[in-house]
Amino acid sequence: MCDRPKNTDVRLRLPAVCFIWQTAMIILFGIFIRYDSESSPYWVEYKRDHNISSDAENDFYFRYPSFQDVHVMIFVGFGFLMTFLKRYSFGAVGFNFLIAAFGIQWALLMQGWFHSLDYSDGKIKIGVENLINADFCVASCLIAYGAVLGKVSPVQLMVLTLFGITLFAVEEYIILELLHARDAGGSMVIHTFGAYYGLSISWMLYRRNLDQSSRLQGSVYHSDVFAMIGTLFLWMFWPSFNSAIANHGDGQHRAAINTYLALASTVLTAMAISSLFQKHGKLDMVHIQNSTLAGGVAVGTAAEFMLMPYGSLIVGFCCGIISTMGYIYLSPFMEKHLKIQDTCGIHNLHAMPGVIGGIVGAITAAAATEPVYGSEGLIKTFGFEDHFEHRTPAEQGGYQAAGMCVALCFGIGGGIIVGCILRLPIWGDPADDNCFNDEVYWEFESFKSFIPLKNGMNDSQ
Amino acid sequence: MCDRPKNTDVRLRLPAVCFIWQTAMIILFGIFIRYDSESSPYWVEYKRDHNISSDAENDFYFRYPSFQDVHVMIFVGFGFLMTFLKRYSFGAVGFNFLIAAFGIQWALLMQGWFHSLDYSDGKIKIGVENLINADFCVASCLIAYGAVLGKVSPVQLMVLTLFGITLFAVEEYIILELLHARDAGGSMVIHTFGAYYGLSISWMLYRRNLDQSSRLQGSVYHSDVFAMIGTLFLWMFWPSFNSAIANHGDGQHRAAINTYLALASTVLTAMAISSLFQKHGKLDMVHIQNSTLAGGVAVGTAAEFMLMPYGSLIVGFCCGIISTMGYIYLSPFMEKHLKIQDTCGIHNLHAMPGVIGGIVGAITAAAATEPVYGSEGLIKTFGFEDHFEHRTPAEQGGYQAAGMCVALCFGIGGGIIVGCILRLPIWGDPADDNCFNDEVYWEFESFKSFIPLKNGMNDSQ
Amino acid sequence: MCDRPKNTDVRLRLPAVCFIWQTAMIILFGIFIRYDSESSPYWVEYKRDHNISSDAENDFYFRYPSFQDVHVMIFVGFGFLMTFLKRYSFGAVGFNFLIAAFGIQWALLMQGWFHSLDYSDGKIKIGVENLINADFCVASCLIAYGAVLGKVSPVQLMVLTLFGITLFAVEEYIILELLHARDAGGSMVIHTFGAYYGLSISWMLYRRNLDQSSRLQGSVYHSDVFAMIGTLFLWMFWPSFNSAIANHGDGQHRAAINTYLALASTVLTAMAISSLFQKHGKLDMVHIQNSTLAGGVAVGTAAEFMLMPYGSLIVGFCCGIISTMGYIYLSPFMEKHLKIQDTCGIHNLHAMPGVIGGIVGAITAAAATEPVYGSEGLIKTFGFEDHFEHRTPAEQGGYQAAGMCVALCFGIGGGIIVGCILRLPIWGDPADDNCFNDEVYWEFESFKSFIPLKNGMNDSQ
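Chains as they are written, first to last, in full-length UniProt numbering: chain A, 1 to 461; chain B, 1 to 461; chain C, 1 to 461.
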């Protein structure tokens, strides 16, 4: 079935999907979504009723700068990180844009139903924190996109995102609400889930003859520089990512510091391993673009805990090594023996560091003590309130570990099911010898002579 | 007169204009501009006198993060959006830089005289809100630059900016102060005015033989990726643009949410139309770079109103369609039949969405009711205070519509007059066969062999 | 000794340095670094004890947006500004990343010992302000990197950074604590020190036969556009740089306004001089990329003083002229006669404007009067408290000038010593005919045919 000549014309399918889904969004938003008390004009009265002295107490001012940083990570960070391929920069940044723009809308609904539903009137009340969470939710689908980059059609990506967001919201509800695990930076909820979701899909969509596209699988000089834009914006704003929805005050403050330190440490060990394992000690851009970010993934869960500054450095130290080694040894192994073709190496950047992050989070939570956190700090940091007021740190550690397992199961299970759906021959995916090629889905009329790339002549530009 | 061989040497003219205008700025700033009470060292005493408990109440902390986002939109957003041409990236980003840097100074003065003059001492008192407004003001001139990109000299651009800022300040004063229309995100004041100003100038500067430069009018692969940097920074930070000068608290909060949603919706419909109207359903980078932003323009006026989340999605939905269709059908029509050569297609990105934004704002204002806004919220949102305390929402709708007309008149009228001035043969503009060419105004000595571009050889790089 | 064939294989040296130094960081952080009261879970109790009503009073919310802007300047700003060379973009952005990531860790320790040591328990307590200061500290080493760009190995850069940070911390302690000079934006502490440190090193590492690499010393079209990304992010966020650690409230507010204005003014005069001194009045990208930033350097010290808006414009006006003239006349002179090879022209961008900034700061401080600042404002702005309560503005001006001299001495003296160390033939630096070449330290396996660059064919891409 897969050997038929492929029809990559998405002229009807893509517009149909976009229009139908966007129309559905409008209807569902009309039924469900309203402003919350901090973004509605009743804020003036709300302030008075709740004895709030100043507009500065509006959550907007606590979270909006972090929100914008996260927004940059989603659209520029993820988008440009994937521009490294020599002829798939349009697809990287353009399809990233498409699925993120759809995903945030669907995420507002899905997460809203689970977390922000006001049972008094059946409406979802949104504010800036919901926008951040929607961006987070989309991040998991963009991670998954990294595994299948260049091998799928935009219609497939829309389907991947629709199901990905849905699975994410359920998984997140189980982990954060039912298990009451903490995961401020989403090591488990976002990275582990997203990465295994993408890897499972990639496994289901395995292409035996992908080497027919090998001429397009490398980078050129300037595409690598473009990718560094993505890397750096992800790296710089990761402290905002991990602190964006942490507790006001010390929670956000500490999460930012821990992430800043873990990332700094990762850069040094990633560079060291990259140099050590190449002939002549030359650095490989792939490692610099990706592995330098692993520390941010791995402190996601524990960022708001008392990981301590040296603890953050240690986490970063280890992840830089593991992630770079993954690119050198594990990725070729997985492609050859496990039939997982992972274009961007998300297993090394998100999956392994995500799992490490979950484990670090569980250990740090289990090791929490009152002298370190203070009695009020312990309650606030881990949310030992209401139903959970009798939970001990050791138990919390166990629930954190359980959360990790839920993320893994949803990622792998969901990915296999969605992978099956994406194998249907109706989505307009490219042929094996035409992967990683922008000409399949993008108009190049204005470029009169698009040079054949076998001729190495211009590859280095 | 226009057929004489063109002299594009601006060696005396450009420095003369820069030095004279910058010197004038220094003198005028010396006479008029001072720090306001929140940026002067008397803030300590001001706080005590006004019973302000915390430095966090300083307007700086409410607006500075949004200001920086707007700043990025002006310099990186607009600058890089225009780098799409294969050989005009220096001009795009460099002249954008020049006119914005001059414009913000002149805008501080012009807007200061109209809005921030302290009649007790005849001084303009500036703070962070003035910086944002200056950036806004410059945005209208940068929009206008989009229409004439590649066809004018830097000296002409300085003249365009001088008059553009002046016209803007008067128009803004009439719309916001005299008519008391609301326009937080500037759909009317910035986008409609700026776009028609630019289009009228472009009409006055019509070049019959522009096709002599057609070899330079397209993009190349990497110039399109550069342009996506501009697109994404504009797209991501548009919520900050529309919320930057909205009311503290719920006003800024709501404006950000509405803009976020409108933009998300636009992306899907712009992509859908782009695919639907191309052969083989291939996407066109021009549409992705530009039309995806139309939703942000169109919710500018209504962003702080109770547009409702689904309302924002509907506005974005429509604008994505209209803007993309504009690129496909209207721009060629305008060039052929109306003699308007619109390099960046600002008619599709700013003019039409701006007018839609003005209409949406008028309708939303006219439809405002006390149950939806609350009595205090209604007064605060529409500024029904002092002279305007008896105005009804329906009347407000009328004044909003009147504001729209003022913006259109100033844009078209001002553009025609300034266009006449720019037709004088003294400004050093390029010949018809040398438009869209950085070599005219930029030194390329270091690039030993600048390849002739007729040879398609390197176009795809 | 220098004429031996060079061994640029850093396969053991670079990993060794990275691992040893990163391990040392972990140990030292374990011993010394802890969270401060605003980032520890005891914040809940601290708030109650100190009668702080709201989380909004946490320093995080006053400084985090500025911190993120500074972070972007360090990693994207400095990194991309140096990508202008046609074949050293990887080295520019990659080694910038490496040394910044190491430097911020070492800076937290060095600055912590001098400024934030809690003598009660011997620990350094860190919060967001320490992160900003660490970024500032690293900036001085990145400035120094600009002088030796393309001519040193990553191992040398690590050594340069280790000593640079150490010297910086001592110099900063003398200037800010002992002399009690004020330097919010670091004209003296960061720019003057960093620039003379780099220039002295470059002088010690003078390469007689550097013209053997002249084929690689220019830019190509797109590398210049990449560099503009760096320029613009530096330019836009400079107001955050100069205001990041200024006093809460009016201090930060005023510093941002002054910097915004100085930078705007610089753009016009830099463009004017660039056009005036080139044949045919064409603009030179080197000047636009660099000299437009000089105003931000030069208002660093005085940004939080009452420099007045017109004063800021005047400073920017002068620096735009001086910096551009420096590129045209001084840089060739220094290379030819003083044997200082300054790849990025940091003498024009940081050294001269930094010295000007120190002088402007001294004059502005000496001219301070109570009517202008208010009695409380004067004390708060200049820190005339505790030991320094009897200091007069005139004396302060003298101490500012003394601070300038300290920065110069540390820069030049430190640079000469470190330059001696870097001349040892053990660091793996490139041969004279292989400078400015990414192929020395970066793996290019994937680019099958890396085109010889003598053939100008592709240079313009």
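The C-beta atom is built at its ideal place from N, Cα and C for all residues, glycine as well.
Q) Within 6 Å: the Cβ of residue 333(A) and any heavy atom of the ligand ZN? A) As presented, the structure is devoid of all ligands, the ligand ZN included, so that no description of it is given.
(Q) Starting from residue 126(C), trace the beta strand (DSSP E) in both directions and tell me its first and last residue. (A) As a working mapping, residue 126(C) is identified with position 126 in the third sequence. That run of the beta strand (DSSP E) goes 123–126.
Q) When Cβ atoms are compared, which residues of the segment 230–256 of chain B fall closer than 7 Å to chain C? A) For the segment 230–256 of chain B, the set of positions with a beta-carbon nearer than 7 Å to some beta-carbon of chain C is empty.
Q | Neighbour list for residue 380(A) in chain C, Cβ cutoff strictly below 8 Å | A | Working through the first sequence from its first residue, we reach residue 380(A) at position 380. Near residue 380(A) (Cβ distances below 8 Å), the residues of chain C are 41, 44.
Q | Three-state secondary structure assigned by DSSP to residue 35(C) | A | Counting from one through the third sequence, the residue named residue 35(C) turns up at place 35. Residue 35(C) falls in the strand class under three-state DSSP.
(Q) Give me the residue from 89(C), 7(C), 419(C) with the minimum Cα distance to residue 229(A). (A) Taking the first sequence and counting its residues from 1, the one referred to as residue 229(A) is at position 229. Minimum Cα-Cα distance from residue 229(A) among the listed residues 89(C), 7(C), 419(C) corresponds to 89(C).
Q. Is there a Cβ from chain C that is less than 7 Å from the Cβ of residue 132(A)?
A. In the first sequence, counting from the first residue as 1, residue 132(A) sits at position 132. Taking 7 Å as the CB threshold, residue 132(A) stays off the interface with chain C.
Q: Could you check if residue 87(C) is buried or exposed, using at least 16 other CB atoms within 10 Å of its CB as the buried criterion?
A: Reading the third sequence from its first residue, position 87 is the one you call residue 87(C). Buried.
(Q) Can you find the residues in the same chain that come closer than 6 Å, C-beta to C-beta, to residue 260(B), ignoring five residues on each side of it along the sequence? (A) To locate residue 260(B), count along the second sequence from 1; it is residue 260. Answer for residue 260(B): 239, listed in chain order.
Q: Quick one: which unbroken beta strand (DSSP E) runs of 3-plus residues sit fully inside the segment 22–109 of chain B? Chain order, please.
A: Qualifying beta strand (DSSP E) stretches, in chain order: 33–35.
Q. Can you name the residues of chain C whose CB is closer than 7 Å to the CB of residue 83(B)?
A. Here residue 83(B) is taken as the residue at index 83 of the second sequence, counted from 1. Under the 7 Å cutoff, chain C gives 225.
Q) Which of helix, strand or coil does DSSP assign to residue 183(A)? A) Locating residue 183(A) in the first sequence gives position 183, where the first residue counts as 1. Reduced to three states, the DSSP call for residue 183(A) is coil.
Q. At which residues does the alpha helix (DSSP H) containing residue 208(B) begin and terminate?
A. Within the second sequence, the letter at position 208 stands for residue 208(B). Secondary structure note for residue 208(B): it is in no alpha helix (DSSP H), with a DSSP letter that is neither H nor E.
Q | Within 7 Å of chain C by C-beta, residues of the segment 88–111 of chain B in sequence order | A | Listed by position along the chain: 89, 90, 93, 94, 97, 98, 101, 102, 104, 105.
Q) Is the number of C-beta pairs between the segment 234–251 of chain B and the segment 295–308 of chain B that are closer than 8 Å three or more? A) In short, these stretches touch, since the Cβ pair count reaches three.
Q) What's the C-alpha gap between residue 335(B) and residue 144(B)? A) Position 335 of the second sequence holds residue 335(B). Position 144 of the second sequence holds residue 144(B). If you take the alpha carbons of residue 335(B) and residue 144(B), they lie about 16 Å apart.
Q: Take residue 284(B) as the anchor and find which of 43(A), 222(A), 438(A), 111(A) has the nearest alpha-carbon.
A: On the second sequence, residue 284(B) is found 284 positions in, with the first residue counted as 1. Checking every option, the nearest Cα to that of residue 284(B) belongs to 438(A).
Q: Take residue 15(A) as the anchor and find which of 378(B), 282(B), 342(B), 337(B) has the nearest alpha-carbon.
A: Here residue 15(A) refers to the residue found at position 15 of the first sequence. Nearest to residue 15(A) by C-alpha distance, out of 378(B), 282(B), 342(B), 337(B), is 282(B).
Q: Would you identify the three-state DSSP class for residue 433(A), choosing helix, strand or coil?
A: Numbered from 1 along the first sequence, position 433 holds the residue referred to as residue 433(A). Secondary structure of residue 433(A) (DSSP, three-state): helix.
Q.
So residue 30(C) contacts chain A; which residues on that side make the cut at Cβ distance below 7 Å?
A. For the purposes of this step, residue 30(C) is taken as the residue at position 30 of the third sequence. Here the neighbours are 310.
Q.
Distance check for residue 13(A) and residue 110(B), CA to CA, integer angstroms please.
A. The residue given as residue 110(B) occupies position 110 in the second sequence. The residue given as residue 13(A) occupies position 13 in the first sequence. Whole-angstrom Cα-Cα distance: 52 Å.
(Q) Please state the DSSP three-state secondary structure of residue 118(C). (A) For the purposes of this step, residue 118(C) is identified with residue 118 of the third sequence, where counting begins at 1. If DSSP states are grouped into helix, strand and coil, residue 118(C) belongs with the strands.
Q. Which term fits residue 420(A), buried or exposed, when burial requires 16 or more other beta carbons within 10 angstroms of its beta carbon?
A. For the purposes of this step, residue 420(A) is identified with residue 420 of the first sequence, where counting begins at 1. The residue in question, residue 420(A), is exposed, as its Cβ has fewer than 16 Cβ neighbours within 10 Å.
Q. When Cβ atoms are compared, which residues of the segment 364–380 of chain A fall closer than 8 Å to chain C?
A. Answer set for the segment 364–380 of chain A: 372, 373, 374, 376, 377, 378, 380.
**Q.** Beta-carbon proximity check, residue 135(B) vs residue 70(B), cutoff 7 Å
**A.** Start at 1 with the first residue of the second sequence, and residue 135(B) comes out as number 135. Start at 1 with the first residue of the second sequence, and residue 70(B) comes out as number 70. Yes. Within cutoff.
Q.
By the DSSP assignment, the alpha helix (DSSP H) with residue 344(A) in it spans what residues?
A. Working through the first sequence from its first residue, we reach residue 344(A) at position 344. Boundaries cannot be given for residue 344(A), as no alpha helix (DSSP H) includes it and DSSP labels it neither H nor E.
Q | Under 9 Å (Cβ pairs) to chain A, residues found in the segment 9–28 of chain C | A | Taking 9 Å as the Cβ-Cβ cut-off, the segment 9–28 of chain C approaches chain A at 9, 10, 11, 12, 13, 14, 15, 16, 17, 18, 19, 21, 22, 23, 25, 26, 27, 28, given in chain order.
Q. What's the call for residue 120(C), buried or exposed, on a 16-neighbour Cβ count within 10 Å?
A. Stepping through the third sequence from its first residue, residue 120(C) is reached at position 120. Sixteen is the threshold: since fewer than 16 other Cβ atoms of the shown chains lie within 10 Å of the Cβ of residue 120(C), the residue is exposed.
Q | Separation of residue 271(B) from residue 19(A), as counted between CA atoms | A | Numbered from its first residue, the first sequence carries residue 19(A) at position 19. Numbered from its first residue, the second sequence carries residue 271(B) at position 271. Our two residues, residue 19(A) and residue 271(B), have alpha carbons roughly 10 Å apart in a direct line.
(Q) So, for residue 269(A): in the same chain, excluding its five sequence neighbours on each side, which residues have a beta-carbon less than 7 Å away from its beta-carbon? (A) Along the first sequence, one-based indexing puts residue 269(A) at 269. Hits under 7 Å: 317, 320, 321.
Q) Does any CB atom of chain B fall closer than 7 Å to the CB of residue 293(C)? A) Working through the third sequence from its first residue, we reach residue 293(C) at position 293. Residue 293(C) has a beta carbon lying at 7 Å or more from every beta carbon in chain B.
(Q) Between the alpha carbons of residue 363(A) and residue 393(A), how many angstroms are there, rounded? (A) Walking along the first sequence from the start, residue 363(A) turns up at place 363. Walking along the first sequence from the start, residue 393(A) turns up at place 393. Pairing residue 363(A) with residue 393(A), the inter-Cα distance amounts to about 10 Å.
(Q) Going by DSSP, what residue range makes up the alpha helix (DSSP H) through residue 235(A)? (A) In the first sequence, the residue the question calls residue 235(A) occupies position 235. Its alpha helix (DSSP H) spans residues 221–243.
(Q) Taking CB distances under 7 Å as the criterion, tell me whether residue 173(C) reaches chain B. (A) Against the third sequence, residue 173(C) aligns to sequence position 173. Among the residues facing chain B, residue 173(C) is not included, as its CB has no counterpart in that chain under 7 Å away.
Q: Inspect the beta-carbon positions of residue 65(B) and residue 425(C) and report whether they are closer than 7 Å.
A: As a first step, residue 65(B) must be located in the second sequence, where it is residue number 65. As a first step, residue 425(C) must be located in the third sequence, where it is residue number 425. For the 7 Å CB-CB criterion, residue 65(B) and residue 425(C) do not form a contact.
Q) Going by the CB atoms, is the gap between residue 201(B) and residue 355(B) shorter than 7 Å? A) Your numbering for residue 355(B) matches position 355 in the second sequence. Your numbering for residue 201(B) matches position 201 in the second sequence. Judged by beta-carbon spacing, residue 201(B) lies beyond the 7 Å limit of residue 355(B), meaning their Cβ atoms are not closer than that value.
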